[in-house]
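In mature numbering (1 follows the signal peptide of the UniProt record, and there is no 0), the protein residues as written are -20 to -1, 1 to 363. Idealized CB from N, CA, C, for every residue including glycine. Everything on this sheet refers to the single structure shown next.
Structure (structure tokens):
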């Protein structure tokens, strides 16, 4: 009898959770979308905040967090061999100093020996909140894409998980799971991700809207007919322990059918509407989008996303980002919005820049002189 009663109670809780999710609106009203745009827009470009000291190195994909009154940024650098993950720090969100490398090449037979592009996971997602890196089971966590092949995003790229019980603001090697958690050649791979998997972003949803506490958004390309010719789209995976991951849906949650839709990063903006989530992402080379720019979408349930149809959040406009201005990480602190992004100029030099909601002046950081052969306009990859 007690067992039956417990089963009924559990079923009731599950039904309540299912009803709560299904009761949420699937579309976000246009008036709410406009309010989000007004809240997050950053019309003032401060400029570059981090650049490399060598034209062979390309800097990319900022993730910003706060600890002990200071700000920190993880980012990745491609140097001709592959990606490694680095750490920088700042007191004011504008002046940044590199601390060192936290995920490096490994001269082994590991599946990720030549590619380790890492991103902060389980961060406080409250808009204007603490931006602290939360611990789970006494550890800090990162998701990353890795691979064995040398070169710019070459070979089989998959998603891995790294974690550490040490202070994430100190430079030290992060231990990694021995195998990837999502691969483009998995048996249950979806039609849209069967070629290459790229960046991932993981939130800790304690309300478990999906029925799981850990939710990953990742972009991948593929196609049901020709995997190599597919567009890049954003889809979901879920986990109960950060180690074992399952694909959540058959189809992507954000798809423009052509070009690239990628690099999702989420924050919850309850101040505009209850239970409102904002996904910052970049779009490139699909109808209505020129080049590579930063945009956003909104959702009440983490699954059904309403795409913003208005102005880009960040787009090319300056000599340092005249080719691409993409890959968002957005922070609101003391009433000011800071929109970090990857800035790419025509010689294909890549650095981290920031645009703000308030005029904070101009950065003195610049790219080093480009190589002679790159001074003329050149094509570059958006990924």
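Residue i - DSSP class collapsed to helix/strand/coil
{"i": "residue 116", "result": "strand"}
{"i": "residue 146", "result": "coil"}
{"i": "residue 267", "result": "coil"}
{"i": "residue -4", "result": "Confidence at residue -4 is low in this model, with a pLDDT of 45, below 50, so the placement of that residue is unreliable and no value is reported for it."}
{"i": "residue 300", "result": "helix"}
{"i": "residue 96", "result": "strand"}
{"i": "residue 257", "result": "strand"}
{"i": "residue 209", "result": "helix"}
{"i": "residue 295", "result": "coil"}
{"i": "residue 217", "result": "strand"}
{"i": "residue 38", "result": "strand"}
{"i": "residue 128", "result": "coil"}
{"i": "residue 312", "result": "strand"}
{"i": "residue 133", "result": "coil"}
{"i": "residue 4", "result": "coil"}
{"i": "residue 348", "result": "coil"}
{"i": "residue 353", "result": "helix"}
{"i": "residue 362", "result": "coil"}
{"i": "residue 156", "result": "strand"}
{"i": "residue 183", "result": "strand"}
{"i": "residue 342", "result": "coil"}
{"i": "residue 317", "result": "strand"}
{"i": "residue 151", "result": "coil"}
Residue(s) in a DSSP beta bridge with residue i
{"i": "residue 65", "result": "56, 83"}
{"i": "residue 174", "result": "None, per the DSSP bridge assignment."}
{"i": "residue 123", "result": "99, 141"}
{"i": "residue 47", "result": "50"}
{"i": "residue 286", "result": "278"}
{"i": "residue 306", "result": "322"}
{"i": "residue 70", "result": "51, 76"}
{"i": "residue 162", "result": "139"}
{"i": "residue 234", "result": "214"}
{"i": "residue 167", "result": "In DSSP, residue 167 forms no bridge with anything."}
Opening and closing residue of the alpha helix (DSSP H) in which residue i lies
{"i": "residue 17", "result": "10 to 20"}
Where the beta strand (DSSP E) through residue i begins and ends
{"i": "residue 247", "result": "240 to 248"}
{"i": "residue 335", "result": "330 to 336"}
{"i": "residue 27", "result": "24 to 30"}
{"i": "residue 199", "result": "194 to 201"}
{"i": "residue 227", "result": "225 to 227"}
Nearest-angstrom beta carbon gap, residue j and residue i [assumed within contact, 8 Å]
{"i": "residue 364", "j": "residue 264", "result": "The question about residue 364 has no answer, for the chain in this structure spans -20 to 363."}
{"i": "residue 162", "j": "residue 139", "result": "4 Å"}
{"i": "residue 337", "j": "residue 29", "result": "Contact flag wrong, Cβ pair sits at about 16 Å."}
{"i": "residue 313", "j": "residue 136", "result": "No, residue 313 and residue 136 are not in contact; Cβ-Cβ is about 39 Å, not under 8 Å."}
{"i": "residue 247", "j": "residue 310", "result": "7 Å"}
{"i": "residue 105", "j": "residue 363", "result": "Actually they do not touch by this definition, with Cβ atoms about 25 Å apart."}
Decide if the stretch 13 to 25 is in contact with the stretch 122 to 137; the criterion is three or more beta carbon pairs, one per stretch, under 8 Å apart.
no
Does the stretch 79 to 98 come within contact of the stretch 60 to 71, defined as at least 3 CB pairs closer than 8 Å?
yes
Mind the definition here: the stretch 291 to 310 touches the stretch 260 to 279 only if three or more C-beta pairs lie below 8 Å; say whether that holds.
yes
Please confirm if the stretch 202 to 212 is in contact with the stretch 172 to 180, defined as three or more CB-CB distances below 8 Å between the two stretches.
yes
Quick check: the stretch 212 to 220 against the stretch 232 to 245, are at least 3 beta-carbon pairs closer than 8 Å?
yes
Any contact of the stretch 144 to 151 with the stretch 112 to 120, i.e. 3+ C-beta pairs under 8 Å?
yes
Can we say the stretch 89 to 109 touches the stretch 53 to 63, given the rule of at least three CB pairs closer than 8 Å?
yes
For the stretch 317 to 330 against the stretch 40 to 53, are there 3 or more C-beta pairs whose distance is under 8 Å?
yes
Would you say the stretch 277 to 287 touches the stretch 345 to 355, given that touching needs at least three Cβ pairs under 8 Å?
no
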